[in-house]
Amino acid sequence: MDMSQFFTTNDYFSIIPAVMLALFGCAILLFDFLIFPDPRQRKYLLIFVVLAEGFTGFSLFRQTSWLAAQNVPDLSGFGGSITVDGFSIFFNWLFLIAALIVAVVSYKYLENAGEHHGEYYALVLFAQSGMYFLAAGTDLITLYIGLELMALCFYILVGFLRSDKRSNEAALKYLILGAFSSGFLVYGFSILYGLCGSTKLADIAGAIAQRPAWDPMVFLALTTTSVGLLFKISAAPFHMWAPDAYEGAPTTITAYLSVASKAASIAFLLRIFLGPFASARETWEPLLTLIAVLTLTIGNLAALNQTNIKRLLAYSSVSHAGFMLLGLIAGNETGIKGIAVYIMVYTFMNLGALLVVVALRRANIIGEELDDMAGLVHKSPGYAFLMLIFLLSLAGIPPTAGFLGKFYIFESLIETRHYVLAAVASLYAAVAIYYYFKIVRSMFIREAPENEPALATTFPLRIALGVSLAATLVIGLYPQPFLEIAKSSLLVR
Amino acid sequence: MHPITTAHYLALSLALLLIGTVGVLTRRNVVIILMSIELILNAVNINLIAFSHMWQHATGQVFAIFVITDAVAEAAVGLGILIALFRNKETVQADEIDLLKW
Amino acid sequence: MDQHLLSIILLTPLAGLAVLLFLPGKNKDLIRIWANLVGFGGFLISLPLVSRFQAGKPGYQFEESVDWIPALGAHYHIGMDGISLLLIMLTTLMGSIAILCSWNAIQERVKEYYAMFLLLQVGMIGVFLSLDFFLFYVFWELVLVPMYFIIGVWGGPRKLYAAIKFFLYTLAGSVLMLLGILTLYFQHHQQFGFYTFEIAELMKLNLPLGLQQWVFWAFFIGFAIKVPMFPFHTWLPDAHVEAPTAGSVILAAVLLKMGTYGFLRFSLPLLPKASMDQKIVQILAILSIIGIIYGALVSLMQADWKKLIAYSSVSHLGFCTLGIFSMNPNGIAGSVLQQINHGISTGMLFLVIGIIYERRHTRAISEYGGLAHVMPKFAIIFAIAMLSSAGLPLLNGFVGEFTILQGAFEANPIWAAFAVTGVILGAAYLLWLYQRTMLGQVTNGKNLTLHDMSAREVALFVPLIAWSIWIGVYPKPYFDVLRQPVSEIVQRVRPGYYSGPVQNASIPTVPSNGGAR
Amino acid sequence: MLIDTVLFYIFAVMVLIGAILTITRRSAVHSAISLIVSLLGVAGLYLLQQAEFLFAVQIVLYIGGIMVLFLFVIMLVNLDQAAKERQFSGGWMVALIAIGAAGAGIGALLWRGFGSLHIPAPVLEGTPAGLGNTEQVADSLFSTYLLPFEIASILLLVAVVGSVIMAKKRI
């Protein structure tokens, strides 16, 4: 039998980054106990992560140049199960950046928390390979399995501090709610499959376009699928897991979860809503509008009286999800580009903010409460300044990058005449200042407690923070190249 | 008596989905919540098999295999986490897991 | 040199800030000297503007334009006309004075303090120079952060509350303003097929009245909070009272002018139809008059020296907005001049309070009395500041208020009648304040040992007093500088104004053909 | 045909009764046994729809694998205590709303008739004759769905690693 019909060059090209990730993940698992039995040697495992990301990045780069050389917009492999296009490559760069940064700063954190390293890095890579399929998948089964691969890795990573009750609890809650919602998601998928007898997104889009508005089957598929998708991006009222998972997880994983997992879920959401459900817009637009307003309201109001920084950032990330949904509601080119820009800047600023929280954890201080930040400017002025920039960016104050994301979202709402939504969103942008500046106030205005050690800084952490800061400022001050990258990711053509 | 159609299967799966949802939302015992999630996944599978039969191809069955695979994986990890938690805390009641606000 | 002069002025504080960050934090005097050098240098560099500026030349001068974000149509486009010239001079002068007056007052976290001031200076200068709406918005928001810290870190007992209130109010206003900007931006794309934030381009838009009104209200909220106009003024007393002296000075002298400047630069020229809409003009004029009288009445009742001046700002800024919405050359030119005057005189008043506060650490009026006996130099300077603020002829305040009243009378005599009561009340609360604190016998023993002003302190006032007398005695150069930009605004809003044979006395009777071509 | 109809109703009742018992029994062991009944009913439905391979998978994997896992955990973590305690959490409000909404949906569905669903009548291209169910599944699984099959292998690896990490006392 001729194997080439099963595994063509296109197939190879379409999955090579994910293969790299999975291979290195397995390699780490093997080397962890075969080659490096001595715990002190285990820091060399980081080299594998860096190598894995290097090869993945190289593969992504090859994909880009291949597409450019062939002058085609996309490349699909495995009989249409997966499609590599500007969209998937854009999102995969985000995952790569997040995973790499998270992995390199985790070493010291795990050391402090007294946890094992090997499986941790492997799971980070496996999760990233799941995200790869979320961003590139164009088949219900591929998307579903990719989603589950990512989610399963995160359930374990959230609970990675096994001796910490908060971590256990967070993992369990996240797993229960996650499995519950993906049950709904796959229920919706089963109906989508039933509607047209195919699992390819393109076929489904065609079948749905032929059905009348408010068709009960489409409606059922839409609502159940939406429950799953909205859960993953932590939109209200399906956001309950986010504050718990963010708080209980190791802070490095909180960063990974809030950035990469959210980006992957947004990519997934866009694939579904701009693919199969594109023609059912009049059904889902009012639904999503309601969800978006609710998300903004709950995210912003609940953040107001949080005292735990991770929890506060969790609610803030809920409200960011609301902003991104607004881009989808507007739905024009500006809106979709806005989501891409938003998630790009969000990646850097939220990573940065959480990395500062990572640095707060030292010898025997957990460092997640607002009080732990008190007077930070006296002890570690550099970190306080970094945090200030990231918070300003999260709040969307120019000239930081965060403003650009909000700018596009507002612009798309104005263009599509959603004036009321724009006004509501802009007022919540002002509300957000209040809680972000609670952290600023704690850092800059309150006095530091006596005899507290300075922050734990490691070389990788400083590099990672530097990258996040540079990106946040450069995207804010000279966004032109980044806007072009985001534009290359457009799904609507 | 009407012949059994795909719609009958759909109604049955909808009912099962509903029961599973109620179980997840109301029970305190985490093990039973996990079982309720299995019910939901079985509702999905009923749909898939019915549609697979209707379209006369095996795609739905393949999908169902993946759903079962996922159910296995989730159950294994979920029960693992449960054991870790039980070791630290000695409870399996969902609303006693309250260090973080539920 | 000329073609980059504005950039140099804009970047001087930023460069100074960059150097400041590398100075050793322990050496407070070095930091102070450097910050003062930068502040004074910024003023000196801006002086050539005065000689090189050509009054009466239409359009903008010293323009610079570079593509910034082509994907958005945002440009680094700066330039100035007569209005911005005056405000820039005010900014650089008041900036250097505010930095100088902090020498003794600020002893903690000195480096951060001066860093914030220099950053604030960049933002304020940028606001007055931007000819691109995106750039303008960036500078507009940039001002918030340093001001938050200046109030929040070095402020009084309720500094946290005042700082966040200031931030939230202004931000809420400015995001709504952003929506207005984006609406214009999008409409321009609709009509001309490309995205741009250039103000000159946006002025070509032809928008229906209804849309203009919406955008106008969006701008209004942003600018009115900043001014602050009557119902939006509540953040101002808190911010003023809690801010350190230099913060109050810069807040009153420059920051508030960003709002009135916004009306003149954006609301009126970009939205001419809405600006001439009867209802809108009447509402705004009435709010201004309420502001004038309310601010004055509340000032009368204050027991806190600084709060009194803060409320007087509400009253004075009411004159400025009333002048703008009179929509005639007198009103607008008077308004700009009054903005400068308010900057000078209220700046001086806050400096006066700062000086006495440094000595007694209280601002309660009842604690003082008969200070003139103890501090004669102080009494003279306070008297000049107070009289300039109250609008005594031969000092600056009179010229501004008089011109505004002329303009208001031309628009609607009733407005002028109400506004005049504000002038009277203004004289009342200021004179009464002076009487209670300076005249009579020294009632409080603690005041007997106060030492009079030092040379450095007097030096703060010399340029301000000189400037205020200059405007009061010979205001012609100012009106010359303002004539061209003001006539451009009036021409834009009321195209028939200059060609009409007989000018009607009040706006309501002018046929509303604004904007129609 | 009649026998199919009767069998469908028998299995459907098994599924539903089993499911209701699963979520209402106080004891987790009873719940587990009820769940097995429900899963057996589902397996029966697979048979009715000529999915013999799935039937086998359901019996072996689900009932043989997952349920054993559940029972094992129930034995491991002592649930005697739990059985005496309050059975339901405070989530009944949400549940009530969910039931109401879904019940209304099902009611509307039954009232308007199944025809309203517009389930498409497929154009039957003719089944690949001579292929048994298992062959069909295998054919599909290893050609069209090769990619998810490969991803599933990583998924299972992660599940193994994860459950080991979580359940072991010290690594």
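These protein sequence lines map, in sequence, to chains A, B, C and D.
The numbering of the first sequence is this note's numbering, which starts it at 1 and goes up by one.
The numbering of the second sequence is this note's numbering, which starts it at 494 and goes up by one.
The numbering of the third sequence is this note's numbering, which starts it at 596 and goes up by one.
The numbering of the fourth sequence is this note's numbering, which starts it at 1113 and goes up by one.
C-beta atoms are modelled at their ideal positions from N, C-alpha and C, and glycine is treated no differently.
Would you mind giving the Cβ-Cβ distance between residue i and residue j, rounded to the nearest angstrom? I have them listed as a contact below 8 Å.
| i | j | result |
| --- | --- | --- |
| C/Gly926 | C/Ala1012 | The Cβ separation is near 15 Å, so there is no contact. |
| C/Phe945 | C/Thr829 | Contact doesn't hold; Cβ gap of about 19 Å is too wide. |
| C/Ile694 | C/Tyr709 | 7 Å |
| C/Glu953 | C/Ala700 | 6 Å |
In whole angstroms, what separates the C-alpha of residue i from that of residue j?
| i | j | result |
| --- | --- | --- |
| A/Phe154 | A/Pro250 | 11 Å |
| C/Tyr743 | C/Ile759 | 7 Å |
| A/Ile366 | B/Asn522 | 31 Å |
| B/Phe579 | B/Val565 | 21 Å |
| C/Arg1112 | C/Ala928 | Any answer about C/Arg1112 is weak, because its pLDDT of 35 lies below 50 and its placement is not dependable; what the coordinates show is given next. Between C/Arg1112 and C/Ala928, the C-alpha separation is close to 25 Å. |
| C/Ala1054 | C/Ala1061 | 11 Å |
| A/Leu465 | D/Ala1214 | 48 Å |
| C/Trp1010 | C/Gln1001 | 11 Å |
| A/Val377 | D/Leu1268 | 47 Å |
| C/Pro1103 | C/Leu766 | Its pLDDT being 37, under 50, C/Pro1103 is placed unreliably in this model, and the value from its coordinates should be taken loosely. If I take the Cα positions, the gap works out to 34 Å. |
| B/Gln554 | A/Gln306 | 47 Å |
| A/Leu30 | A/Phe126 | 14 Å |
| D/Ile1186 | B/Ile576 | 10 Å |
| A/Met1 | A/Gly352 | Any answer about A/Met1 is weak, because its pLDDT of 43 lies below 50 and its placement is not dependable; what the coordinates show is given next. Cα to Cα, the separation comes out at about 53 Å. |
| B/Ala504 | A/Ser182 | 20 Å |
| C/Phe617 | C/Arg958 | 37 Å |
| C/Met684 | C/Leu642 | 8 Å |
| C/Asn801 | A/Leu328 | 30 Å |
| C/Gly857 | C/Phe723 | 9 Å |
| A/Thr347 | A/Leu96 | 11 Å |
Quick one: is residue i buried, meaning 16 or more other Cβ sit within 10 Å of its Cβ, or exposed?
| i | result |
| --- | --- |
| A/Ile463 | exposed |
| C/Arg753 | exposed |
| C/Tyr1069 | exposed |
| C/Tyr1093 | exposed |
| A/Ile298 | buried |
| A/Ala209 | exposed |
| C/Ser961 | exposed |
| D/Glu1247 | exposed |
| D/Val1172 | exposed |
| A/Lys43 | exposed |
| A/Leu304 | exposed |
Between residue i and the rest of its own chain, which residues show a CB-CB distance below 8 Å, the 5 nearest in sequence each way excluded?
| i | result |
| --- | --- |
| C/Val1076 | Phe648, Ala650, Gly677, Leu680 and Leu681 |
| D/Leu1159 | Phe1167 |
| C/Pro1072 | Ala650 |
| C/Ser1101 | Low per-residue confidence applies at C/Ser1101: pLDDT is 39, beneath 50, and the placement is therefore not dependable enough to give any value. |
| C/Tyr790 | Leu667, Gly668, Tyr780, His783 and His784 |
Sorted by chain position, which residues of the same chain lie with C-beta nearer than 7 Å to residue i's C-beta, five sequence neighbours on each side aside?
| i | result |
| --- | --- |
| C/Glu996 | Phe914, Gln933, Gly986 and Val1018 |
| C/Leu866 | Gln807, Val810 and Phe811 |
| C/Tyr906 | Pro832, Gly890, Val893, Ser894 and Gln897 |
With a CB to CB cut of under 6 Å and the five nearest residues on each side skipped, what residues in its chain are close to residue i?
| i | result |
| --- | --- |
| C/Val1097 | Reliability of the predicted coordinates at C/Val1097 is poor, the pLDDT of 48 falling under 50, and no value is obtained from them. |
| A/Phe78 | Asp11 |
Below 9 Å between beta carbons is the criterion; list the residues of the segment 1240 to 1259 of chain D that meet it against any residue of chain A, in chain order.
Hits within the stretch, in order: Phe1254, Ser1255, Thr1256, Tyr1257, Leu1258 and Leu1259.
Taking any Cβ of chain B, which residues in the segment 1263 to 1279 of chain D have a Cβ under 8 Å from it, in chain order?
Contacts with chain B (Cβ-Cβ distance below 8 Å) from the segment 1263 to 1279 of chain D involve Ala1264, Leu1267, Leu1268, Val1270, Ala1271, Val1272, Gly1274, Ser1275, Val1276, Ile1277, Met1278 and Ala1279, listed in chain order.
Short of 7 Å Cβ to Cβ, which residues in the segment 175 to 193 of chain A face chain B?
Those residues of the segment 175 to 193 of chain A that come within reach of chain B (Cβ to Cβ, closer than 7 Å) are Leu175, Ile176, Ala179, Phe180, Gly183, Val186, Tyr187, Ser190, Ile191 and Tyr193.
Identify each residue in the segment 755 to 778 of chain C for which the Cβ-Cβ distance to at least one residue of chain A is less than 7 Å, and report them in chain order.
Result list: Leu755, Ile759, Phe762, Leu763, Leu766, Ala767, Val770, Leu771, Leu773, Leu774, Leu777 and Thr778.
Could you name the residues of the segment 569 to 581 of chain B whose beta carbon sits closer than 7 Å to any beta carbon of chain A, in the order they occur along the chain?
With the criterion set as a beta carbon lying under 7 Å from some beta carbon of chain A, the members of the segment 569 to 581 of chain B are Val570, Gly571, Ile574, Leu575, Ala577, Leu578 and Asn581, in sequence order.
Quick one, which residues of the segment 665 to 696 of chain C are near chain A if we go by CB-CB under 8 Å, in chain order?
For the segment 665 to 696 of chain C, which is checked against every Cβ of chain A, the residues closer than 8 Å are Pro665, Ala666 and Leu667.
Just by C-beta distance, which residues in the segment 471 to 487 of chain A are closer than 8 Å to chain C?
Those residues of the segment 471 to 487 of chain A that come within reach of chain C (Cβ to Cβ, closer than 8 Å) are Tyr478, Pro479, Gln480, Leu483, Glu484 and Lys487.
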